[in-house]
């Protein structure tokens, strides 16, 4: 079968006239009942090692075909009509389209013959709902008809009498279709022929049976599975236990562990691991014995497996079977197709339980059914009903919102807003159908929330390749406290050497002296596990210091057993990192009370509306509150007299409309009312705005926590671009100003000036530690005055410099001062340092004046008696000068990277405004010997995006098949970053691009001469308007709030208002928080 299928599939892939592949069984009774394992076993018995090698070669060819099918670029339809077992499973279950009929009989009986579910079974079965796949693998249970669809094995159920017509229709439909639409076209054809389950159908593995399967077969060892079955004692459990005990103990034990491993692997890696596992079984006694006893002997006999009992199987036995043999005599496997994926890329069957639960958490049962029925899929209602009452397993850190249906009854009316809201009769025309469609559809909010934020913990390369030192059983006494101090909680066991060290101090009063981290610094042993978090089910907090992240250990039981710890006997005694972070998300200690313990006063009214936390969205909330507290943004986006917003064709993707909608929500006061559940507001939920402003951005499109200053820059960039595109007023102009750089040659004393456009000031805060007696305590820092930070920023400094006038390299003195001043000055106080390659915040207090203060002394003034280099003389130098993107540079410096490294990273990544690209370059080049050397630019090598894309960059994209105008526009849109330009082109395939004349016009339009930035007049007096504060050690974790100075009450008396997500209160710890703010916003006082 394999010898014929593989070359035919390869030919079909190459043949452009073949639009889809349909696989069906010959004779109509089976797709395929499996390969001839009897012949393989006989060959091993007869020819010894040569027979084993031949058998392994057979499996290699089988796996080559399976991987090819799984990664095909053309639609592949497997008609699983009749018996589908063994090799028949391999050529069907990895297809995007899998059709079951009433005569389908599915099973994976490999454990019955001393083998394991091969042909990708460890990958496919481990991805079925719950533990269904584990149950099928260990018991070889058979599924028939519609059960195959309910289990997630088949994507469509089509009665067998419709198959001939289906094949004809597929051929007709795909004959003249384009390759881009093939998969959707095939799916629509299959949907035409599919049927629902027979009347009265119930899933054989559903209901209470399913709950039992998940509980029992979710155990980590085969001994635990059998013990749980015996403990349950139901008829189903007794039968399952009897079946498993009749199997090869080695087979079922290895199968269980292989399934757990397969869930973490990509398809190609899983198949490669299975291939090597099949080789190990070819050399194992139980495979030949099982096949001989069950298939060759007439009559069949009871196999004599070695070992004979499950209790005799050890973890070492399993590990030996799962290991890849060194110097293996069998040929390596080299897959035909280089494609790989962690999860199947196509979803044409019923939704998975996790998908159902995700949507259920945000809507009603009916809304969930309607959402998934958009794919015209029968059986959705049953699936939703099956899981509706089953709470999702709490294995991840998830941020969910309350369900409105739990709190409100909804009544619906249709009114004509053009005629003062008069009621409308819904019986007119097809109005009722329209109303029903609107009510049953998921709102934009709910569609976005389906992708709710979850902390998805996965293994890393360090845990997957963990090498433990010599095994030993740790004494109980050595596990009672940290090896370096007396702490007996928050203890972390090094999985490499067995050292026990205390962790870092945690939120909620959990103590720690960071001795576990110190152990990593000394030994570079990457992975540790928190002892108090281990559960008998095999879950625990595992942390990789090298990745600086929480990870998953798929072989935790094995790794702990190495140190004599049986996790089956473990008892969870401490909160996990997940539980601590959930608590932290809700209780960040921004004080909501006065010094005498009284709760701060919630306030309501115009400009006092809170923003509901959408799941780590506090960075967006804080930035939005500050921006819309500024008169320029209020004037641009909010019209109190307007009754409705503008009508646009695509409101969800119109940034101008979304900003007006957000402004109305924040400023009108309509939503600033107490909620029924608490004294605070419910807060508005800007889902669509968040989705739009983050669209296409690697970080802001996710539900992870982000850096508020990076988001500030990103948001203002988007607003400015949108205003220019629409040729409308740009409110971000209030932040613009210019800095002037003065360079004086130390030899000839000629001076050159350069002005740089700015939208913010990112200044470092000097870190001076205070003396402390306890070395293990967290360091504290001296208070710094804002004036000192500004003085340092503008102070003269000696720099390397070769003067064009005198030709000497005597160096120069560089000064920076304000050439113009902005209406609103934004200052980012940089308190971050890179520690272990991770940006870490330092708690350095900064004194910021509350009263009006002057910046006059920082104005750059040119003396009359100095010799200034002329523009003509300086032109050559300027043409070869790299001018880094200021917003990206500020973002990188805010993370603690030195300026030299930042400029070098931006230069080598095309000077993109996206700091993330440059940061990745920095992490990849940390060890470069010249990383701290000044940037040397070859002649004509400036990477400034302002000069337009180079001919080399355009030619490179032309070589990829794009036109010169397309390449030119893509490079300009992405700041000259070639990789980002390619992505932009794929996302905008119909954009014709722009010619050189268009680019020149664009550059002229944005030139500094046509767009004056700031005002050089004096006095330059400023007053603090708002601050954005951050609590937490990392810029990508913790919590952000905003304090804004606002007129309050009828008298308009000014006071500070704290915006903490949906909570809006008067006062707060402003004096203290000013010292530690992350972003300061000053208004110019004229």
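Numbering (the working numbering), first residue to last: 3 to 1088. All C-beta atoms, glycine included, are put in the ideal place defined by N, C-alpha and C.
Just to confirm the assignment, what range does the alpha helix (DSSP H) spanning residue i have?
{"i": "residue 520", "result": "517-525"}
{"i": "residue 791", "result": "788-796"}
{"i": "residue 724", "result": "710-728"}
{"i": "residue 263", "result": "251-264"}
{"i": "residue 1", "result": "The first residue shown for the chain is 3 and the last is 1088, placing residue 1 beyond what the model contains."}
When the Cα atoms are used, what is the spatial distance from residue i to residue j?
{"i": "residue 533", "j": "residue 560", "result": "15 Å"}
{"i": "residue 435", "j": "residue 18", "result": "44 Å"}
{"i": "residue 1015", "j": "residue 719", "result": "15 Å"}
{"i": "residue 546", "j": "residue 528", "result": "5 Å"}
{"i": "residue 498", "j": "residue 231", "result": "35 Å"}
{"i": "residue 815", "j": "residue 806", "result": "15 Å"}
{"i": "residue 228", "j": "residue 313", "result": "10 Å"}
{"i": "residue 859", "j": "residue 892", "result": "23 Å"}
{"i": "residue 869", "j": "residue 753", "result": "6 Å"}
{"i": "residue 135", "j": "residue 126", "result": "8 Å"}
{"i": "residue 668", "j": "residue 611", "result": "5 Å"}
{"i": "residue 115", "j": "residue 300", "result": "15 Å"}
{"i": "residue 123", "j": "residue 133", "result": "14 Å"}
{"i": "residue 724", "j": "residue 871", "result": "38 Å"}
{"i": "residue 776", "j": "residue 844", "result": "18 Å"}
{"i": "residue 72", "j": "residue 277", "result": "16 Å"}
{"i": "residue 737", "j": "residue 702", "result": "22 Å"}
{"i": "residue 440", "j": "residue 177", "result": "37 Å"}
{"i": "residue 197", "j": "residue 566", "result": "55 Å"}
{"i": "residue 307", "j": "residue 9", "result": "38 Å"}
In this structure, what does DSSP give as the bridge partners for residue i?
{"i": "residue 851", "result": "Answer is none; residue 851 lacks a bridge partner."}
{"i": "residue 87", "result": "109"}
{"i": "residue 159", "result": "102"}
{"i": "residue 225", "result": "In DSSP, residue 225 forms no bridge with anything."}
{"i": "residue 545", "result": "530, 552"}
{"i": "residue 562", "result": "Residue 562 is not bridged to any residue."}
{"i": "residue 744", "result": "755, 817"}
{"i": "residue 686", "result": "613"}
{"i": "residue 418", "result": "424"}
Can you say whether residue i is buried or exposed, counting buried as having 16 or more other CB atoms within 10 angstroms of its CB?
{"i": "residue 556", "result": "buried"}
{"i": "residue 519", "result": "buried"}
{"i": "residue 852", "result": "exposed"}
{"i": "residue 964", "result": "buried"}
{"i": "residue 348", "result": "exposed"}
{"i": "residue 463", "result": "exposed"}
{"i": "residue 731", "result": "exposed"}
{"i": "residue 568", "result": "exposed"}
{"i": "residue 218", "result": "buried"}
{"i": "residue 895", "result": "buried"}
{"i": "residue 897", "result": "buried"}
{"i": "residue 1", "result": "No information on residue 1 is available, as it lies outside the stretch 3 to 1088 that the chain covers here."}
{"i": "residue 706", "result": "exposed"}
{"i": "residue 708", "result": "buried"}
What are the boundary residues of the beta strand (DSSP E) that includes residue i?
{"i": "residue 782", "result": "Element bounds for residue 782: n/a, residue is neither H nor E."}
{"i": "residue 1032", "result": "1023-1033"}
{"i": "residue 317", "result": "Careful: residue 317 lies outside any beta strand (DSSP E), inside the alpha helix (DSSP H) at 317-324."}
{"i": "residue 1044", "result": "1041-1050"}
{"i": "residue 756", "result": "753-760"}
{"i": "residue 764", "result": "763-766"}
{"i": "residue 78", "result": "78-82"}
{"i": "residue 800", "result": "799-801"}
{"i": "residue 830", "result": "826-832"}
{"i": "residue 871", "result": "No beta strand (DSSP E) contains residue 871, which DSSP labels as neither H nor E."}
Determine, for residue i, whether the minimum Cβ-Cβ distance to residues of chain B falls below 9 Å.
{"i": "residue 665", "result": "In the structure shown, chain B cannot be found, because there is only a single protein chain."}
Can you list, in chain order, the stretches of the alpha helix (DSSP H) that have 4 or more residues and sit fully within the stretch 161-208? 165-177, 184-195
Jot down the residue ranges of each uninterrupted beta strand (DSSP E) in the stretch 1053-1083, minimum 3 residues, whole runs only, in chain order. 1055-1062, 1065-1068
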